[in-house]
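A.B. asks:
In the numbering used here, the protein residues as written are 191 to 943.
Okay, here's the thing in structure tokens:
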């Protein structure tokens with residue numbers, strides 16, 4: 191072999207070795223994909239939580255088919271139904287009676303029959319009415335029974351029905367016809383022929399039972415931005431109460447502080463020069479008030495939360511388990527998220543935790559704004575919980591769950607990925623201590639929390655509903671408000687009712703009040719209510735009797751009756767208020783859970799208001815009543831359109847019955863007053879706009895249950911804190927050397943609108 195050949199082979203060998211070294215080094219630098227480790231199996235019932243499960247699309251369809259074949263009346267699909275038609279308005283789960291459920295869950299009793307609750311609008315009858323039918327057993331219905339009288343004490347008048355999408359379309363068509371009678375005015379005021387104006391409903395609808403008369407506010411419509419910030423000053427009052435659509439009529443017109451009998455009258459006054467017009471141009475998309483389009487190019491990505499060894503929670507059907515917690519979850523299309531059978535370490539703490547209502551009450555010097563009291567349950571808090579945006583609405587790696595509903599159509603609809611579940615590292619210790627005396631050590635535990643979240647878009651506002659479960663055995667319920675403010679046309683003394691946020695836009699003051707039902711079962715169904723607060727007593731110093739000392743002491747009180755347990759809104763209440771069990775912990779204190787409310791609520795509607803009884807739950811920041819099967823909810827979807835004769839009146843629940851050693855329910859109101867300001871443009875931010883409450887163990891355990899957490903950290907001065915065996919934090923550098931598997935971004939939320 192020649193020397194030249196040897197040199198060539200040697201060169202090739204060196205090049206090969208160099209390439210292999212480069213590959214190995216590159217591999218070492220590239221993080222491996224995170225491997226999911228199997229979870230430790232917790233004691234979980236086998237499918238028992240399905241007693242609370244939302245209806246499947248197949249079950250909804252079965253109910254519709256059964257009703258179509260067995261009601262004996264003609265039915266029109268609700269998406270096309272006129273007021274004079276019969277239709278199926280909605281189908282949802284009929285939650286079984288608590289006693290039946292507990293016999294099944296706790297005593298080996300039979301599984302309760304699975305039933306649906308169907309809401310029926312009977313417009314094509316001699317006496318039109320709303321009927322609610324229980325339909326079962328599912329999945330193959332064989333019976334239906336009218337439960338309206340059982341639930342409400344009588345038939346529900348037809349005028350109380352929520353407005354359907356079809357009804358809004360017919361109202362809009364009427365308004366468009368009426369606008370054509372004022373062409374010159376529209377050109378002058380709004381740079382429009384009316385077709386590029388959109389309407390926004392108000393509610394309630396009139397001044398007395400039987401009215402169905404609604405103010406509609408008109409706005410410039412600009413694609414890709416919120417029209418709620420572009421009022422044109424024009425509002426119209428429509429009577430749409432007649433079952434014959436041809437009899438609907440426009441009753442009044444409001445423009446810039448003045449009222450007119452019709453759009454024709456408005457046009458006459460304009461042509462005669464008797465009307466002062468504010469001339470607006472159609473807003474341009476690139477400069478419209480409230481655009482959310484980014485004003486800067488994307489920057490570098492922010493921090494990303496991920497689980498190096500996979501999620502530490504598990505989901506089976508409608509039940510979530512996480513570090514001792516077990517929760518059954520679901521969604522009511524009207525009232526929104528609902529949780530059942532919440533257990534910690536195998537013990538039930540809460541039987542039901544559910545959202546009841548969201549009130550938005552406005553002030554303005556325009557008729558639409560000043561008459562608005564939205565009860566969002568009648569619009570559909572759960573129904574309008576749309577798909578969540580991965581990586582923004584929830585962490586990118588959260589688990590996303592589809593929710594199904596049937597409302598205003600005979601066909602089930604699906605809001606994909608509309609509920610998310612994730613473990614959240616709050617970057618805050620749950621507890622910690624650094625010892626700098628006697629002995630030197632550090633002990634602590636990260637505050638990691640399981641979060642169940644959904645977000646409802648209710649016209650202009652977006653409500654973020656959070657239910658959080660902590661390692662200390664505490665539960666936290668929180669709601670944040672964001673989205674667009676609603677606005678009125680700025681005129682006259684508008685700033686008496688808010689702040690000017692645009693050339694002709696008044697951000698109108700309003701309050702958000704939210705109501706929850708909390709059916710606590712603390713160490714059993716039978717509980718009592720105890721308050722604790724501090725007082726000062728003046729006593730002589732035992733060691734210096736010529737001096738006195740102000741000594742704080744604890745004042746305990748057991749509340750005996752419902753009237754004592756109804757705490758008015760915005761009035762100081764005892765700082766500690768607990769559901770107590772007759773059973774004691776190791777230290778001879780009653781096992782208890784404390785209710786701690788975080789709220790900045792506005793003032794409740796005066797009780798002499800003609801519609802106050804429909805929202806009488808808002809009188810109280812907390813009211814505790816005996817649980818009754820016939821009092822399942824604090825309000826009704828029918829209260830919105832007839833608040834003057836409410837279908838459900840919460841104030842009637844409080845009738846001074848005994849609450850000592852009974853099955854009790856806590857009804858909690860949280861909220862805040864919102865006076866819109868310049869920084870609410872384009873959107874209201876969540877910072878400072880969050881309220882809620884805690885359910886915290888209070889002598890329920892013998893010590894903080896989080897001491898058993900495998901996430902606990904402890905090391906002392908005589909240990910090698912860098913050793914993985916001594917300090918779990920030292921293991922992170924190796925445990926987290928992997929890249930999370932991020933699924934491709936997808937969003938289908940626009941497909942189901």
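For every residue, glycine included, the Cβ atom is placed at its ideal position computed from N, Cα and C.
In this text, all values refer to a predicted model and were calculated from it rather than measured experimentally.
1) Should the region 288 to 304 be regarded as contacting the region 261 to 273, the criterion being three or more beta carbon pairs within less than 8 angstroms?
2) Secondary structure at residue 373, three-state DSSP: helix, strand or coil?
3) Can you list, in chain order, the residues of its chain whose CB lies under 8 angstroms from that of residue 925, leaving out five sequence neighbours each side?
4) Which residues mark the beginning and the end of the alpha helix (DSSP H) in which residue 289 is found?
5) Taking only the alpha-carbon atoms, compute the straight-line gap between residue 793 and residue 762 and give it to the nearest angstrom.
6) Taking 8 angstroms as the threshold, find out whether the region 650 to 660 comes into contact with the region 673 to 686 through three or more Cβ pairs.
7) Find out if the Cβ-Cβ distance for the pair residue 346, residue 404 is shorter than 9 angstroms.
8) Using alpha carbons as the reference points, say which of 684, 475, 456, 406 lies closest to residue 467.
9) Hey, out of 755, 411, 483, 816, whose CA is closest to residue 385's CA?
10) May I ask you to report which of helix, strand or coil DSSP gives residue 348?
11) Cα separation between residue 562 and residue 741?
12) Quickly, what does DSSP pair residue 282 with across the bridge? List them, please.
13) If contact is defined by three or more beta carbon pairs under 8 angstroms, each pair taking one atom from either stretch, is the region 472 to 488 in contact with the region 410 to 425?
14) Rank 583, 368, 699, 429 by C-alpha distance to the C-alpha of residue 647 and give the top, closest one.
15) Just to confirm, are residue 722 and residue 615 a CB contact at a threshold of 9 angstroms?
16) Taking residue 458 as the reference, give the member of 612, 428, 376, 686 with the closest Cα.
17) Of all the options 798, 825, 753, 816, which has the alpha carbon lying nearest to the alpha carbon of residue 804?
18) With three or more C-beta pairs closer than 8 angstroms as the rule, is the region 446 to 455 touching the region 717 to 732?
19) Return the chain-ordered list of same chain residues with a C-beta closer than 8 angstroms to the C-beta of residue 252, the five sequence neighbours on each side being excluded.
20) Would the region 778 to 793 count as touching the region 728 to 735 if we require 3 or more Cβ pairs under 8 angstroms?
21) Suppose you measure from the CA of residue 307 to the CA of residue 507; what does that come to, to the nearest Å?
22) Counting Cβ pairs closer than 8 angstroms, one from the region 694 to 712 and one from the region 864 to 871, do we hit at least three?
23) Suppose the cutoff is 8 angstroms on Cβ atoms and the five residues either side in sequence are ignored; what does the same chain contact list for residue 901 look like?
24) Can you give the Cα-Cα distance for residue 454 and residue 530, rounded to whole angstroms?
25) Could you give the distance in angstroms between the alpha-carbon of residue 815 and the alpha-carbon of residue 841?
26) Going by beta carbon distance, what residues of the same chain come within less than 6 angstroms of residue 604, once the five residues before and after it are set aside?
27) Would you report the Cα separation of residue 684 and residue 392, rounded to the nearest angstrom?
28) For residue 749, name the three-state secondary structure that DSSP assigns.
29) In angstroms, rounded to a whole number, what distance separates the CA positions of residue 342 and residue 829?
30) Counting only runs of 3+ residues fully inside the region 636 to 716, write out the beta strand (DSSP E) ranges in chain order.
31) Give a yes or no on contact between the region 750 to 760 and the region 842 to 862, applying the rule of three or more CB pairs nearer than 8 angstroms.
32) Hey, how far is the Cα of residue 395 from the Cα of residue 878?
33) Taking DSSP as the reference, what is the three-state secondary structure of residue 545?
34) Can you give the beta carbon distance from residue 608 to residue 576, rounded, assuming they're within the 8 angstroms contact cut?
35) Using 8 angstroms for Cβ pairs, my map puts residue 819 next to residue 287. What's the rounded Cβ distance?
36) Quick check on the DSSP output: what are the complete beta strand (DSSP E) runs of length 3 or more inside the region 858 to 921, in order along the chain?
C.D. replies: For this structure:
1) no
2) helix
3) Result list for residue 925: 498, 499, in chain order.
4) 288 to 297
5) 14 angstroms
6) yes
7) no
8) 456
9) Comparing C-alpha distances from residue 385 to each of 755, 411, 483, 816 shows the shortest one belongs to 411.
10) helix
11) 51 angstroms
12) For residue 282, the beta-bridge partners assigned by DSSP are 307.
13) yes
14) 583
15) no
16) 376
17) Here the closest residue by C-alpha is 825.
18) no
19) 328, 329, 330, 331
20) no
21) 21 angstroms
22) They touch, by the three-pair rule.
23) Closer than 8 angstroms at Cβ, skipping near neighbours: 635, 636, 638, 661, 918.
24) Between residue 454 and residue 530, the C-alpha separation is close to 56 angstroms.
25) Across the structure, residue 815 and residue 841 are spaced so that their CA atoms are roughly 11 angstroms apart.
26) 592, 594
27) 19 angstroms
28) When DSSP states are grouped into helix, strand and coil, residue 749 belongs to the strand group.
29) Residue 342 and residue 829 have their C-alpha atoms some 12 angstroms from each other.
30) 651 to 660, 665 to 673, 677 to 679, 688 to 692, 695 to 698, 700 to 710
31) yes
32) 32 angstroms
33) strand
34) The Cβ separation is near 6 angstroms, so the contact holds.
35) For a cut-off of 8 angstroms, the C-beta gap from residue 819 to residue 287 is around 5 angstroms, short enough to register as a contact.
36) 880 to 888, 903 to 906
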